[in-house]
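Peer 1: So that you can map any letter, position 65 of the sequence shown is 109 in the working numbering, and since no number is skipped, the others follow by simple counting.
Backbone N, C-alpha and C fix where the C-beta goes; we use that ideal spot for every residue, glycine too.
Small disclaimer: the values here were computed from a predicted structure and weren't measured.
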Amino acid sequence: MTKILTGIVLISFCTVLFSAVLVYINLKFYKLKKMDIKRAYINKPVFIWFNVICYLITPVLFILSLGLGVYCYIGDENIVEKFVLPFNILYITYVVFVLLMILFGDKVYKTMYIIESNEVYYFLFDLKIDKNSIRSISSTLRRNYLVISYLDSHNSVNTAQLKYNWRLKDFFSDNLESKEKDLKNKGK
Numbered sequence: 045m046t047k048i049l050t051g052i053v054l055i056s057f058c059t060v061l062f063s064a065v066l067v068y069i070n071l072k073f074y075k076l077k078k079m080d081i082k083r084a085y086i087n088k089p090v091f092i093w094f095n096v097i098c099y100l101i102t103p104v105l106f107i108l109s110l111g112l113g114v115y116c117y118i119g120d121e122n123i124v125e126k127f128v129l130p131f132n133i134l135y136i137t138y139v140v141f142v143l144l145m146i147l148f149g150d151k152v153y154k155t156m157y158i159i160e161s162n163e164v165y166y167f168l169f170d171l172k173i174d175k176n177s178i179r180s181i182s183s184t185l186r187r188n189y190l191v192i193s194y195l196d197s198h199n200s201v202n203t204a205q206l207k208y209n210w211r212l213k214d215f216f217s218d219n220l221e222s223k224e225k226d227l228k229n230k231g232k
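Here's what the structure looks like:
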């Protein structure tokens with residue numbers, strides 16, 4: 045019985061943690077959507093997978109593992125003997141899945157939605173980059189990450205690393221091309 049109770053507690057803890065992260069991301073997303081948007085970049089495959097994982101797969105795993113745990117907890121000894129191993133496998137799978145989503149999903153959701161408003165790029169992870177402060181945009185050799193060099197408010201050069209996507213690079217490259225054209229026109 046203690047294994048089942050431990051499993052139910054871990055399932056509940058991970059669910060609360062995952063729900064808090066999900067609420068945080070959704071609040072950021074809707075906050076960005078309410079802004080005066082000049083241009084927006086949305087990574088549709090990441091957005092679709094994010095929604096499928098968060099609103100379909102995770103709740104199904106949660107309901108299955110919690111339901112099986114409660115069934116084993118309130119059932120008699122025969123039920124506990126039959127279902128304790130499947131419950132342990134299911135709840136460990138759920139806990140590992142949720143923790144991996146929280147830890148590694150962070151890299152992916154950062155590039156899910158980016159907007160340009162009032163000459164500033166706004167990201168889901170509280171990063172604001174002034175459009176005119178961008179110095180360079182490059183990718184790593186393996187094209188795993190897009191590296192943006194920019195000046196912050198203290199005039200020091202910072203970099204932001206985002207998961208690489210060619211559409212995202214085009215979204216930011218449009219900024220550099222228009223800036224280069226403006227500089228050429230001023231020089232003439």
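1) Give the secondary structure of glutamate 160 by DSSP, where H, G and I count as helix, E and B as strand, and everything else as coil.
2) Per DSSP, which residues does isoleucine 181 bridge with? Please list them.
3) Ignoring anything shorter than 3 residues or poking outside the segment 45 to 103, list the beta strand (DSSP E) runs there in chain order.
4) Assuming aspartate 150 is part of the alpha helix (DSSP H), what are its boundary residues?
5) Measure the alpha-carbon distance for isoleucine 97 versus tyrosine 157 and round it to whole angstroms.
6) Do phenylalanine 127 and tyrosine 115 count as a contact pair if the criterion is CB distance below 8 Å?
7) Find out if the Cβ-Cβ distance for the pair isoleucine 204, isoleucine 173 is shorter than 8 Å.
8) State the beta-bridge partners of lysine 172 as determined by DSSP.
9) Return the Cβ separation of methionine 145 and phenylalanine 62 in integer angstroms, given the expectation that the two are a contact with Cβ distance under 8 Å.
10) Decide if serine 109 is buried, meaning its Cβ has at least 16 other Cβ atoms within 10 Å, or exposed.
Peer 2: With the given structure in hand:
1) Indexing the sequence shown from 1 puts residue 160 at position 116. In the structure shown, glutamate 160 sits in a strand (DSSP, three-state: E or B).
2) Mapped onto the sequence shown, residue 181 falls at position 137. Ile192, per the DSSP bridge assignment.
3) 83 to 86
4) Within the sequence shown, numbered from 1, the residue matching residue 150 stands at position 106. Segment 121 to 153, the alpha helix (DSSP H) holding aspartate 150.
5) Along the sequence shown, read from residue 1 onward, the residue named residue 97 stands at position 53. Along the sequence shown, read from residue 1 onward, the residue named residue 157 stands at position 113. Roughly 17 Å between the two C-alpha positions.
6) Taking the sequence shown and counting its residues from 1, one reaches residue 115 at position 71. Taking the sequence shown and counting its residues from 1, one reaches residue 127 at position 83. Yes.
7) As a working note, residue 204 is residue 160 in the sequence shown. As a working note, residue 173 is residue 129 in the sequence shown. Per the sequence shown, the amino acid found at residue 204 is alanine instead of isoleucine. Taking 8 Å as the Cβ cut-off, alanine 204 and isoleucine 173 qualify as a contacting pair.
8) Against the sequence shown, residue 172 aligns to sequence position 128. Paired residues: Tyr166.
9) As a first step, residue 145 must be located in the sequence shown, where it is residue number 101. As a first step, residue 62 must be located in the sequence shown, where it is residue number 18. Right, the Cβ-Cβ distance comes to about 7 Å (below 8 Å), so this counts as a contact.
10) Here the question's residue 109 lines up with position 65 in the sequence shown. Its Cβ being crowded by 16 or more others within 10 Å, serine 109 is buried.
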